[in-house]
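A.B. asks:
2 protein chains.
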Amino acid sequence: MRTFIAAADAGQFQEAAADLSVTQQAVSKRIATLERDLGVRLFTRTARGVQLTIDGQAFLPHARGLLRAEERAAASVRPGRRALRVDVISRRVAPAALLRDFHRAHPDTELDVVTLFDADAAFAAVQSGMIDVSFRAVTVPASQLPDGVRTARVLDEPHQLLTGPRHELAAAHAVTLAQLVGHRIWIPGIAPGTEWATYYDDLAAAFGLTIDAIGPNFGTDHLLDVLADSSTLASLIGQQTRFLWPDYYDLRRVPLHDPTPVYPHSLIWHHENPHPVLATFRDHFRSRSTGLERPDAGTWSPKWASRQATP
Amino acid sequence: MRTFIAAADAGQFQEAAADLSVTQQAVSKRIATLERDLGVRLFTRTARGVQLTIDGQAFLPHARGLLRAEERAAASVRPGRRALRVDVISRRVAPAALLRDFHRAHPDTELDVVTLFDADAAFAAVQSGMIDVSFRAVTVPASQLPDGVRTARVLDEPHQLLTGPRHELAAAHAVTLAQLVGHRIWIPGIAPGTEWATYYDDLAAAFGLTIDAIGPNFGTDHLLDVLADSSTLASLIGQQTRFLWPDYYDLRRVPLHDPTPVYPHSLIWHHENPHPVLATFRDHFRSRSTGLERPDAGTWSPKWASRQATP
DNA sequence: GCGAGCCACAACCGCACGTTGTGCGAATAG
DNA sequence: CTATTCGCACAACGTGCGGTTGTGGCTCGC
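Line order of the protein sequences matches chains A and B.
Per my numbering, residue 1 is the first one in the first sequence, and the count goes up by one each step.
Per my numbering, residue 1001 is the first one in the second sequence, and the count goes up by one each step.
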């Protein structure tokens, strides 16, 4: 690719070869094999050099794009001045949507999204600088956080009931938490000890629900498959969580109220982290999260959630 | 890259090696050299396979992007179902802006923009299917077009005078063509025999202007440099043509009137071209170009331009 | 018509990359 | 606690890819 671009820029193989510190014959060979692999002629050879064919012209910007992509890939792991590295608990839940929102507002900033095993790993990674910011629920009080780590509540995500069409509550316009008592709720794929498991454990304990928050995870497809067929099993899903399922599954989202359980997402960062984008990032979410410290009357969140301040 | 992605997906080198039809040792070596080149560890080795590090997680989407870019690059020259290939007379003038407009309206369609030597080459390329559509001024009547080739006028681009700050006409709010008589107009970088040269020749002949449409082309920078310093030399520039020049050049755009010379851009395509995007493309510009067949009273365009129909 | 400039083909060669063979550590079963 | 399995890393080795040198042919300009 580099050879192709150099030759296209120079208009001749000799000069390109000099730029690349190889012989003209090597450039000729490289272009020949590239043309053979692609199955088209990229240059027309003339007596005074070479000229791009139409195919070559069409190919050139893609070749440049490839080198840019390579550069970005290398930059993503380069220590110092890499893209802002963000940890989210899952790529499907609300924080991922917030990230897309941020990206729309700041299209020039580069983000790398990763997912760590649990909150402890996230705290350690934030403190060490391996990641710059994390979206998590924070279950421990500020006094027990690692040194220099700050948190701020940025989003309360209401939960809804997710059922198949034959479920008893499928047709309800809204359901209270009390109505869920006795129904089996299944939320697989959540590792024990994570803040997700804590949240659902606390929710189940507070209202006497039956929530299987942990258990074998055969993938989202399997969960949806079982829900679609079951008349007794339901699941909980964040209001902004995007699952894609086929229409014929006919799954239903039923709002919860009295109270509505909300999941408290916080921003986690190190206050000495010098990354230039971090301040922009925090400002962006600070402007979108006011009043979260005062619990809404109609909602429920765990006790540990109310100990977190907003930015 | 492929090896890295395969290993990340499989979670172990053995299986990745099987997928790639190489030995486990080869995969191990490839990953090791990739890690050495990048200077970071991408996997943590465990007794039951490997797991991505944070750096590995951040790197993974970039690696996938690199392969997608490679795929797009190869597709750009693959005969059959490649991106719509569009020829423009220059990447700086109005059609390029129209293309960006189309791309905004249809973000999913892929475009490859190329620039052919002259209109004859464009006609031949359109007829042979090497390119799908061309933006050009058409100087020949429809009866003399190659078989199956259709044209449609889509944009009239008004021209302006471009001068340096010390030029006699620099401070004028507007200038008539009659006022330009006797002034030297210099438009380098236009090959003789092209439709551009024809246009400026006709313009000069119609109003008795002095236009050097051809001549040595030392690049845009040189033209701007000369204009900025000269009190006698000016150039013509399309109203929508985007040149970037430093502020201290202090160049002026002076509108022309009585009449305003407009450059007639046409769409050129082959009516049997089966490319799926071509219809969308023509529809897009058809809706944006009404009434061009009736010449505006205050404008001038060459005689051959009025022979072209709108889509 | 001749030299200059540039690309393609041929022959040669070194090293990078894949192979086979082996060792080691961790997890699992008995 | 030991035996076995599983998966990765290191070492030695050979082949082929990709570089080099050498040369010929084509076109353009003086």
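Think of the CB as a built atom: it goes at the ideal place given N, C-alpha and C, for glycine as much as any other residue.
In the DSSP assignment, what residue or residues form a beta bridge with A/Pro-261?
C.D. replies: In the DSSP output, where bridge partners are listed per residue, A/Pro-261 has A/Trp-300.
A.B. asks: Checking contacts by CB at 7 Å: is A/Ser-76 closer than that to chain B?
C.D. replies: So yes, A/Ser-76 belongs to the interface.
A.B. asks: Between A/Pro-276 and A/Trp-300, which are expected to be in contact by the criterion C-beta below 8 Å, what is the C-beta distance as a whole number of angstroms?
C.D. replies: That belief does not hold up - the Cβ atoms of A/Pro-276 and A/Trp-300 are roughly 39 Å apart, past 8 Å.
A.B. asks: Only counting the same chain, and skipping five residues up and downstream in sequence, which positions put a Cβ closer than 7 Å to that of B/Tyr-1249?
C.D. replies: Excluding positions up to five away in sequence, the list reads Leu-1224 and Ala-1228.
A.B. asks: Considering only residues of the region 1108-1142 of chain B, which uninterrupted beta strand (DSSP E) runs meet the minimum length of 3 residues and lie entirely inside it, listed in chain order?
C.D. replies: As far as the region 1108-1142 of chain B is concerned, its whole beta strand (DSSP E) runs of at least 3 residues are 1111-1114 and 1133-1136.
A.B. asks: Report the residue from B/Val-1126, B/Asp-1201 and B/Ile-1185 whose alpha carbon sits nearest the alpha carbon of B/Pro-1192.
C.D. replies: The residue with the shortest Cα to Cα distance from B/Pro-1192 is B/Asp-1201.
A.B. asks: Going by beta-carbon coordinates alone, are A/Ala-234 and A/Leu-161 separated by less than 7 Å?
C.D. replies: Contact: yes.
A.B. asks: From A/His-159 to A/Ala-137, what does the alpha carbon distance come to, in whole angstroms?
C.D. replies: Using only the alpha carbons, I get a separation of about 15 Å.
A.B. asks: Using a Cβ cut-off of 7 Å (strictly closer), state whether B/Gln-1127 contacts chain A.
C.D. replies: By this cut-off, B/Gln-1127 is not an interface position.
A.B. asks: I'd like to confirm the pairing. Which residues does DSSP put opposite A/Leu-161 in its beta bridges?
C.D. replies: BP columns for A/Leu-161 point to A/Leu-236 and A/Val-254.
A.B. asks: Can you find a CB in chain A that lies within less than 7 Å of the CB of B/His-1275?
C.D. replies: For B/His-1275, the answer is no, since every Cβ of chain A falls outside 7 Å of its Cβ.
A.B. asks: Grouping DSSP H, G and I as helix and E and B as strand, with all else coil, what is B/Ala-1007?
C.D. replies: If DSSP states are grouped into helix, strand and coil, B/Ala-1007 belongs with the helices.
A.B. asks: Determine the chain B residues that contact A/Leu-40 at a beta-carbon separation under 9 Å, and present them in chain order.
C.D. replies: Position check: residue 40 of chain A holds Val in this sequence, whereas Leu was assumed. Near A/Val-40 (Cβ distances below 9 Å), the residues of chain B are Val-1077, Arg-1078 and Pro-1079.
A.B. asks: Below 7 Å between beta carbons: does that hold for B/His-1270 and B/Val-1181?
C.D. replies: Not closer than 7 Å, so no.
A.B. asks: Would a C-beta distance cut-off of 7 Å place A/Asp-156 and A/Pro-264 closer than the cut-off?
C.D. replies: Yes, the pair counts as a contact, with Cβ atoms nearer than the cut-off.
A.B. asks: Helix, strand or coil: how does DSSP classify B/Val-1062 here?
C.D. replies: The sequence given here places His at residue 1062 of chain B; Val does not occur at that position. Three-state result, B/His-1062: helix.
A.B. asks: Taking Cβ positions, are B/Phe-1013 and B/Val-1027 nearer each other than 7 Å?
C.D. replies: Yes, these two residues count as a Cβ contact at 7 Å.
A.B. asks: Could you tell me whether the region 1078-1091 of chain B touches the region 1043-1058 of chain B, using the rule of 3 or more Cβ pairs below 8 Å?
C.D. replies: Result no; under three Cβ-Cβ pairs closer than 8 Å.
A.B. asks: Counting contacts by CB-CB distance shorter than 7 Å, is A/Ala-119 in contact with chain B?
C.D. replies: Not one chain B Cβ lies under 7 Å of A/Ala-119.
A.B. asks: Using the beta-carbon of each residue, which ones in chain A are nearer than 7 Å to B/Arg-1002?
C.D. replies: Correct list: empty, because the minimum Cβ distance to chain A is about 13 Å.
A.B. asks: Ordered along the chain, which non-local residues of its own chain (more than five positions away) have a Cβ less than 7 Å from that of A/Ala-171?
C.D. replies: Hits under 7 Å: none found.
A.B. asks: Return the chain-ordered ranges of every beta strand (DSSP E) run that is complete within the region 1161-1223 of chain B and spans a minimum of 3 residues.
C.D. replies: Those beta strand (DSSP E) runs which fall completely within the region 1161-1223 of chain B and span 3+ residues are 1184-1186 and 1210-1212.
A.B. asks: Could you list which residues in chain A have their beta carbon closer than 8 Å to that of B/Val-1050, in chain order?
C.D. replies: Correct list: empty, because the minimum Cβ distance to chain A is about 15 Å.
A.B. asks: Rounded to a whole number of angstroms, what is the C-alpha to C-alpha distance between B/Pro-1188 and B/Trp-1196?
C.D. replies: The alpha-carbon atoms of B/Pro-1188 and B/Trp-1196 are separated by roughly 11 Å.
A.B. asks: Terminal residues of the continuous alpha helix (DSSP H) containing B/Arg-1100?
C.D. replies: From DSSP, the alpha helix (DSSP H) with B/Arg-1100 extends over 1094-1105.
A.B. asks: For the pair the region 1068-1084 of chain B and the region 49-63 of chain A, tell me if three or more CB-CB distances fall below 8 Å.
C.D. replies: Output reads yes: the region 49-63 of chain A touches the region 1068-1084 of chain B.
A.B. asks: Residues in the same chain with beta-carbon distance under 7 Å from B/Ala-1017, minus the five sequence neighbours each way, listed in chain order, please.
C.D. replies: Answer for B/Ala-1017: Thr-1023, Gln-1024, Ala-1026 and Val-1027, listed in chain order.
A.B. asks: Could I get the ranges of all uninterrupted alpha helix (DSSP H) runs contained in the region 1014-1074 of chain B, with 4 residues as the minimum, in chain order?
C.D. replies: Complete alpha helix (DSSP H) runs here, min 4: 1024-1038.
A.B. asks: Let me check understanding here. Comparing Cα to Cα, which of A/His-222, A/Val-175, A/Thr-176 and A/Thr-109 lies closest to A/Trp-186?
C.D. replies: Comparing Cα-Cα distances from A/Trp-186 to each of A/His-222, A/Val-175, A/Thr-176 and A/Thr-109, the minimum goes to A/His-222.
A.B. asks: I need the straight-line Cα distance from A/Ala-305 to A/Pro-141, nearest angstrom please.
C.D. replies: Rounded to the nearest angstrom, the two C-alpha atoms are 9 Å apart.
A.B. asks: Rounded to the nearest angstrom, how far is the Cβ of A/Phe-102 from that of A/Phe-243, given a contact under 8 Å?
C.D. replies: Rounded, the Cβ-Cβ distance is 22 Å, inconsistent with contact.
A.B. asks: In terms of DSSP beta bridges, what is A/Thr-280 paired with?
C.D. replies: The partner list for A/Thr-280 (beta bridge, DSSP) is empty, contrary to what the question assumes.
A.B. asks: Tell me which same chain residues have a C-beta within less than 8 Å of the C-beta of A/Ile-5, skipping the five on either side of it?
C.D. replies: Excluding residues within five positions, the ones whose Cβ falls inside 8 Å are Leu-60, Ala-63, Arg-64 and Leu-67.
A.B. asks: Quick check on DSSP: helix, strand or coil for B/Arg-1091?
C.D. replies: In the structure shown, B/Arg-1091 sits in coil (DSSP, three-state: anything other than H, G, I, E or B).
A.B. asks: For a quick check, are the C-beta atoms of B/Val-1254 and B/Val-1175 less than 7 Å apart?
C.D. replies: For B/Val-1254 and B/Val-1175, yes; Cβs fall inside 7 Å.
A.B. asks: Straight-line CA distance for B/Pro-1107 to A/Lys-303?
C.D. replies: About 46 Å.
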